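Residue numbers (our numbering): 267 to 479.
Built from N, CA and C at the ideal position, the CB exists for glycine as well.
None of the values given here were measured: they were computed from a predicted structure.
These notes concern the structure reproduced below.
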Ligand code: HEM
């Protein structure tokens, strides 16, 4: 499996895509950039909301937060929430209906993951065929999809904790849901930093995510 991933990449090297091959369909690109915008707005306004009542020994510098004050930040947070939730559901549905989900993100195994990770460190992973995700990419994208799901569910508990008693209890109560929400945010920020660095290392991928080809 490890070999097949690395080999698949090297085969792709010899059949590099022509500039006209569609790598990312339009719906996916629109959904991706809307989602990126929504997540950035949610994270920055979320930091301002956290600052109003921090549960760790630090606050986020006001200059990197959004909303100016608690009320303003809550308004940004709720507005961006609709982008992330509606667009996220559309992305998931479109991936399931088009059968892109199993094709693009599976299979994933520990063996293939560590094989591709080590190949990446040795500079042996090719990016010639942008339609094909290696196992490290698959795992990262699956992680962020699940993480966003957790963030939305825990956010629901924080927003309407009386209306969703079952969900609240499943998440360990209001205070635990707050911590889950915070650490899921930290997971997204970590993903974001690694994701952007990786994309900048192979700028062709950014062009493809904008132009489709
Ligand atoms: C928190 C915000 C973001 C999230 C949650 C996110 C998530 C994702 C996901 C899930 C995919 C896979 C899409 C698919 O094939 O279905 C993806 C691909 C991609 N993203 Fe993002 N993204 C974010 C921000 C960004 C930013 C700011 C950039 C620009 C630097 C970027 C550049 C890319 C590129 C170039 C790809 C295709 C990369 C590849 O071939 O691996 N993303 N992103």
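Check, Outcome
"Which whole-angstrom value describes the C-beta separation of residue 289 and residue 369, a residue pair presumed to lie in contact below a C-beta threshold of 8 angstroms?", "Not confirmed; about 14 angstroms, so no contact."
"Is any non-hydrogen atom of the ligand HEM found closer than 6 angstroms to the C-beta of residue 476, if you look at the structure I gave you?", "no"
"Along the chain, where does the alpha helix (DSSP H) containing residue 402 start, and where does it finish?", "401-425"
"When you compare the CB positions of residue 450 and residue 411, do they come within less than 7 angstroms of one another, or not?", "no"
"So does residue 462 have its beta carbon nearer than 6 angstroms to some heavy atom of the ligand HEM?", "yes"
"Buried or exposed: which applies to residue 309, given that a residue is buried once 16 or more other Cβ atoms fall within 10 Å of its Cβ?", "buried"
"Answer with buried or exposed for residue 345, where buried requires no fewer than 16 other C-beta atoms within 10 angstroms of its C-beta.", "exposed"
"Quick check on the burial criterion: 16 or more other C-beta atoms within 10 angstroms. Buried or exposed for residue 313?", "buried"
"Check whether the Cβ of residue 446 sits closer than 6 angstroms to any heavy atom of the ligand HEM, and report yes or no.", "no"
"Thinking C-beta only, is residue 423 closer than 7 angstroms to residue 433?", "yes"
"Put residue 391 into one of helix, strand or coil per three-state DSSP.", "coil"
"Can you tell me which of 301, 393, 384 and 332 puts its alpha carbon nearest to the alpha carbon of residue 315?", "332"
"According to the neighbour-count rule (16 or more other Cβ atoms, all chains shown, within 10 Å of its Cβ), is residue 391 buried or exposed?", "buried"
"Can residue 472 be considered in contact with the ligand HEM, in the sense that its beta carbon sits closer than 6 angstroms to one or more heavy atoms?", "yes"
"Could you spell out the range, first to last residue, of the alpha helix (DSSP H) harbouring residue 346?", "336-363"
"May I ask you to check if the CB of residue 458 is nearer than 6 angstroms to at least one heavy atom of the ligand HEM?", "yes"
"Once the 5 residues before and after residue 443 are set aside, which same chain residues still bring their CB inside 7 angstroms of it?", "420, 423, 424, 434 and 437"
"If you count every other CB in all the chains shown that lies within 10 Å of the CB of residue 414, and 16 or more means buried, which is it?", "buried"
"Three or more C-beta pairs closer than 8 angstroms, one from the stretch 399-406 and one from the stretch 363-380: is that the case here?", "yes"
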